[in-house]
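Numbering (this note's numbering), first residue to last: 29 to 584.
Down below is the structure, laid out as structure tokens.
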């Protein structure tokens with residue numbers, strides 16, 4: 029059986045200018061990065077802004093397990109299937125991070141015959157967007173420390189610096205560090221640390237910005253520290269706004285690539301959903317809607333994270349109104365949520381499946397709460413039995429969700445025709461009554477409790493002493509009107525990764541609240557979530573190599 033990277037390497041790609049032409053774009057709209065990658069100019073975004081919007085479809089999933097769900101693969105295959113049917117469908121998705129690429133997950137551009145290419149480039153340096161974000165983030169850190177070194181004119185309290193450095197790798201040794209050692213000429217000693225680049229607020233503002241001007245305004249508002257009198261110090265205050273925006277002048281432009289069968293794909297921005305807001309850029313999503321009849325997008329991890337943030341943060345800020353949601357699940361993953369060990373997932377187990385479906389059922393209920401119609405995509409495996417498929421379909425339809433089998437990993441677009449037809453039926457016959465799950469005029473505490481109870485199914489929320497202090501400070505600063513971005517484990521509806529299925533009676537613990545004033549939300553840190561992941565015992569990087577002829581092996 030061919031690996032994903034081997035399938036991608038056997039594909040004959042179309043020149044990206046030909047892919048762009050399908051969308052009505054000309055050479056003047058593109059900035060080429062070789063034959064098969066391009067950025068779309070900012071002038072083009074303005075040129076198409078009066079085009080009629082296509083239908084916006086969000087692809088999300090159940091809580092992920094080691095058994096696999098295939099959300100990105102399903103999204104890509106669905107768009108391929110729509111184009112096979114003669115529809116004009118465009119994908120808008122996130123850029124992969126090098127951290128998980130070299131860590132546990134390997135590549136992240138789809139899989140099998142539902143992939144985005146050039147797969148190696150997309151998974152590695154691509155067009156340099158994440159490098160630009162890393163550099164912009166670290167320029168802010170350098171200018172902040174320089175301001176302190178050069179007499180500290182802003183009277184910054186070195187114990188209350190909230191801006192961290194970042195790197196796009198899983199490096200646990202950098203989570204907590206001490207800098208400025210070695211004497212007066214090397215800076216002021218203080219505690220510091222690194223986040224992974226995709227958790228940086230710079231990534232968030234890039235993905236939520238609607239223009240270069242908006243990006244610049246957002247950059248200037250970002251809080252980096254507090255003065256000794258307790259006042260926030262921003263990027264504007266350290267005079268870094270112009271330079272930061274300059275570093276992001278190319279990164280803000282959406283990237284255009286293609287699927288294996290030449291469906292157009294915008295790959296742009298990549299915040300994690302367990303530690304950031306988990307959605308690709310607003311500009312890429314809008315481009316997909318303006319240039320296609322159907323814009324298929326995704327949001328990270330399960331619907332409790334990515335979909336919630338897409339619907340409560342991104343859509344609210346950008347004025348987007350989604351038309352439908354696809355929830356991806358596998359029989360294998362549902363049985364794991366029902367208590368089956370990974371080694372036994374190939375055996376039929378209707379009782380475990382029935383228990384595990386409660387996880388999916390909760391996500392269906394949640395999407396209904398947003399006033400959105402949904403389709404459950406069963407990402408098929410050869411080990412799925414007819415009895416298991418019938419049980420899953422019966423329960424989903426009883427809960428008001430349409431169900432379709434997806435075989436896009438094995439068959440590409442042809443394997444997604446049933447899903448595409450089901451989705452089109454929903455779009456034609458069911459209306460979207462989208463609305464966020466909470467009002468912005470609620471207090472910070474009320475908004476967090478609404479997310480925890482309505483979306484996670486929590487009994488209560490507990491705030492640590494540190495979080496309560498932050499709660500009072502943010503309210504005093506007038507930031508209590510902002511939406512909430514919860515940082516929590518992706519593996520459970522709760523904040524405890526070990527609680528699979530549909531846990532009940534649990535309490536979510538909020539450890540800290542971090543204002544992301546540039547992005548326009550407050551990050552609530554729950555459970556044991558960390559903004560800098562670590563590598564596993566056997567990282568994916570152990571199995572990667574490049575041959576003498578330049579062929580990459582082991583990427584996924």
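Yeah, the Cβ is synthetic: ideal placement off N, Cα and C, and Gly gets one too.
All of these numbers come straight from a predicted model, not from anything done at the bench.
In terms of residues, what are the limits of the beta strand (DSSP E) holding residue 57? As a first step, residue 57 must be located in the chain shown, where it is residue number 29. Counted as a single uninterrupted DSSP element, the stretch harbouring residue 57 is not any beta strand (DSSP E), since DSSP gives it neither H nor E.
Residue 364 classed as buried or exposed, judged by whether at least 16 other C-beta atoms fall within 10 angstroms: Start at 1 with the first residue of the chain shown, and residue 364 comes out as number 336. In summary, residue 364 is buried, with 16 or more beta-carbon neighbours lying within 10 Å of its beta-carbon over all protein chains present.
Separation of residue 239 from residue 284, as counted between CA atoms: Counting from 1 along the chain shown, the entry for residue 284 is found at position 256. Counting from 1 along the chain shown, the entry for residue 239 is found at position 211. Taking the straight line joining both Cα atoms gives about 18 Å.
Excluding the 5 residues flanking residue 380 on each side, which residues of the same chain have their C-beta closer than 6 Å to its C-beta? Numbered from its first residue, the chain shown carries residue 380 at position 352. 363, 366, 367 and 368, listed in sequence order.
Alpha carbon to alpha carbon, how far is residue 398 from residue 164? Give it in angstroms, no decimals. Against the chain shown, residue 164 aligns to sequence position 136. Against the chain shown, residue 398 aligns to sequence position 370. In a straight line, the C-alpha of residue 164 is about 36 Å away from that of residue 398.
What are the uninterrupted segments assigned as alpha helix (DSSP H) that are 4 or more residues long and contained completely in the region 180 to 251, given in chain order? Runs of alpha helix (DSSP H) with 4 or more residues, each lying fully within the region 180 to 251, are found at 229 to 236 and 240 to 249, listed in chain order.
Tell me whether residue 547 sits in a helix, a strand or coil according to DSSP, three-state version. In the chain shown, counting from the first residue as 1, residue 547 sits at position 519. In the three-state reduction of the DSSP assignment, residue 547 falls in the coil class, being assigned neither a helical nor a strand state.
Tell me the start and end of each unbroken beta strand (DSSP E) in the region 483 to 534 that is at least 3 residues and wholly inside, in chain order. Runs of the beta strand (DSSP E) inside the region 483 to 534: 488 to 491 and 512 to 515.
Got a sec? Which residues, its chain only, sit under 7 Å from residue 561 by beta carbon, not counting five neighbours each side? As a working note, residue 561 is residue 533 in the chain shown. Only 127, 131, 198 and 224 meet the Cβ criterion.
By Cβ distance, which residues of its chain are closer than 7 Å to residue 434, with the 5 residues on each side in sequence left out? If you number the chain shown from 1, residue 434 lands on position 406. Same-chain partners within the cutoff: 102, 105, 405, 406, 407, 408, 443, 444 and 447.
In the region 71 to 118, which residue ranges form an unbroken alpha helix (DSSP H) of at least 4 residues, counting only runs that do not cross its ends? Correct list: 99 to 112.
Among residues of its own chain, excluding the 5 on either side of residue 269, which ones have a beta-carbon nearer than 6 Å to its beta-carbon? For the purposes of this step, residue 269 is identified with residue 241 of the chain shown, where counting begins at 1. So the list reads 247, 248 and 263, once near-sequence residues are dropped.
For residue 140 and residue 37, what's the separation of their Cα atoms in angstroms? On the chain shown, residue 140 is found 112 positions in, with the first residue counted as 1. On the chain shown, residue 37 is found 9 positions in, with the first residue counted as 1. If you draw a straight line from the Cα of residue 140 to the Cα of residue 37, it is about 12 Å long.
Considering only residues of the same chain and omitting the five flanking positions on each side of residue 12, which have a CB-CB separation below 8 Å? Given that the chain is displayed from residue 29 to residue 584, the structure contains no residue 12 and the question cannot be resolved.
Looking at the unbroken beta strand (DSSP E) that takes in residue 175, where does it start and where does it end? Sequence index remark: in the chain shown, residue 175 carries index 147 (1-based). Element bounds for residue 175: not the beta strand (DSSP E) but the alpha helix (DSSP H), 157 to 177.
Report the rounded CA-to-CA distance for residue 288 versus residue 110, giving the unit in angstroms. Taking the chain shown and counting its residues from 1, one reaches residue 288 at position 260. Taking the chain shown and counting its residues from 1, one reaches residue 110 at position 82. CA-CA distance, residue 288 to residue 110, rounds to 14 Å.
Just the C-alpha distance for residue 490 and residue 175, rounded to the nearest angstrom, thanks. Indexing the chain shown from 1 puts residue 490 at position 462. Indexing the chain shown from 1 puts residue 175 at position 147. Spanning the two alpha carbons is a distance of roughly 38 Å.
Assess, as a yes-or-no matter, whether the region 183 to 190 is touched by the region 301 to 312 under the definition of 3 or more beta carbon pairs within less than 8 Å. As far as the Cβ criterion goes, the region 301 to 312 does not touch the region 183 to 190, which means the pair count is below three.
Have a look at residue 49 and residue 291 and give me their C-alpha separation to the nearest angstrom. What you label residue 49 is simply residue 21 of the chain shown in a count that begins at 1. What you label residue 291 is simply residue 263 of the chain shown in a count that begins at 1. If you take the alpha carbons of residue 49 and residue 291, they lie about 12 Å apart.
Proximity winner among 513, 510, 529 and 547, relative to residue 519 (alpha-carbon distances): The count along the chain shown starts at 1 and reaches residue 519 at position 491. By alpha-carbon distance to residue 519, the top candidate from 513, 510, 529 and 547 is 529.
Span of the beta strand (DSSP E) holding residue 287? Here residue 287 refers to the residue found at position 259 when the chain shown is read from its first residue. That run of the beta strand (DSSP E) goes 283 to 287.
Tell me whether the beta-carbon of residue 543 lies closer than 8 Å to the beta-carbon of residue 161. By one-based count along the chain shown, residue 543 stands at place 515. By one-based count along the chain shown, residue 161 stands at place 133. Residue 543 is not a Cβ neighbour of residue 161, given a cutoff of 8 Å.
Using the Cα positions of residue 107 and residue 51, report the straight-line distance between them to the nearest angstrom. Taking the first residue of the chain shown as position 1, residue 107 is located at position 79. Taking the first residue of the chain shown as position 1, residue 51 is located at position 23. When rounded, the distance between both Cα atoms is 14 Å.
What distance in whole Å lies between the Cβ atoms of residue 279 and residue 172, which are believed to be in contact at a cut-off of 8 Å? Position 144 of the chain shown, counting from 1, holds the residue named residue 172. Position 251 of the chain shown, counting from 1, holds the residue named residue 279. No, residue 172 and residue 279 are not in contact; Cβ-Cβ is about 21 Å, not under 8 Å.
Pull up the CB-CB distance for residue 346 and residue 392, whole angstroms please, since I reckon it's below 8 Å. If you number the chain shown from 1, residue 346 lands on position 318. If you number the chain shown from 1, residue 392 lands on position 364. Not a contact, Cβ separation roughly 25 Å.
For residue 41, which residues from the same chain have a beta carbon less than 6 Å from its beta carbon, with the 5 sequence-adjacent residues on both sides left out? On the chain shown, position 13 is the one that residue 41 refers to. Correct list, in chain order: 64 and 145.
Proximal residues to residue 411 (C-beta, below 6 Å), its chain only, five neighbours per side dropped: The residue labelled residue 411 in the question sits at position 383 within the chain shown. The residues are 374.
For a minimum of 3 consecutive residues, which ranges assigned as the beta strand (DSSP E) are wholly contained in the region 400 to 435? Secondary structure remark: continuous beta strand (DSSP E) runs of at least 3 residues inside the region 400 to 435, in chain order: 402 to 407 and 430 to 434.
CA nearest to the CA of residue 326, picked from 318, 438, 390 and 342: By one-based count along the chain shown, residue 326 stands at place 298. Comparing alpha-carbon positions, the option among 318, 438, 390 and 342 lying closest to residue 326 turns out to be 342.
Beta-carbon separation of residue 575 and residue 553 under 8 Å? Taking the chain shown and counting its residues from 1, one reaches residue 575 at position 547. Taking the chain shown and counting its residues from 1, one reaches residue 553 at position 525. For residue 575 and residue 553, no; Cβs fall outside 8 Å.
So if DSSP puts residue 294 in a beta bridge, which residue, or which two residues, is it bridged to? Numbered from 1 along the chain shown, position 266 holds the residue referred to as residue 294. Answer is 120 and 284.
CB-CB under 6 Å to residue 89, same chain, minus the five flanking residues each way: which ones, in chain order? Locating residue 89 in the chain shown gives position 61, counting from the first residue. Taking C-beta separations shorter than 6 Å and ignoring five residues to either side along the sequence, the partners of residue 89 in its chain run 97, 99, 330 and 356, following chain order.
Which class does residue 481 belong to by DSSP, given the choice of helix, strand or coil? Residue 481 sits at position 453 when you count from the first residue of the chain shown. When DSSP states are grouped into helix, strand and coil, residue 481 belongs to the helix group.
Could you tell me the alpha carbon to alpha carbon distance between residue 457 and residue 122, rounded to whole angstroms? Residue numbering aside, residue 457 sits at position 429 when the chain shown is read from its first letter. Residue numbering aside, residue 122 sits at position 94 when the chain shown is read from its first letter. Within the model, the alpha-carbon separation for residue 457 versus residue 122 is close to 30 Å.
Helix, strand or coil at residue 353 according to DSSP, with G and I counted as helix: Taking the chain shown and counting its residues from 1, the one referred to as residue 353 is at position 325. In the three-state scheme derived from DSSP, where H, G and I count as helix and E and B as strand, residue 353 is classed as strand.
Is the CB-CB distance between residue 282 and residue 312 below 8 Å? Reading the chain shown from its first residue, position 254 is the one you call residue 282. Reading the chain shown from its first residue, position 284 is the one you call residue 312. Taking C-beta atoms as the reference points, residue 282 and residue 312 count as a pair closer than 8 Å.
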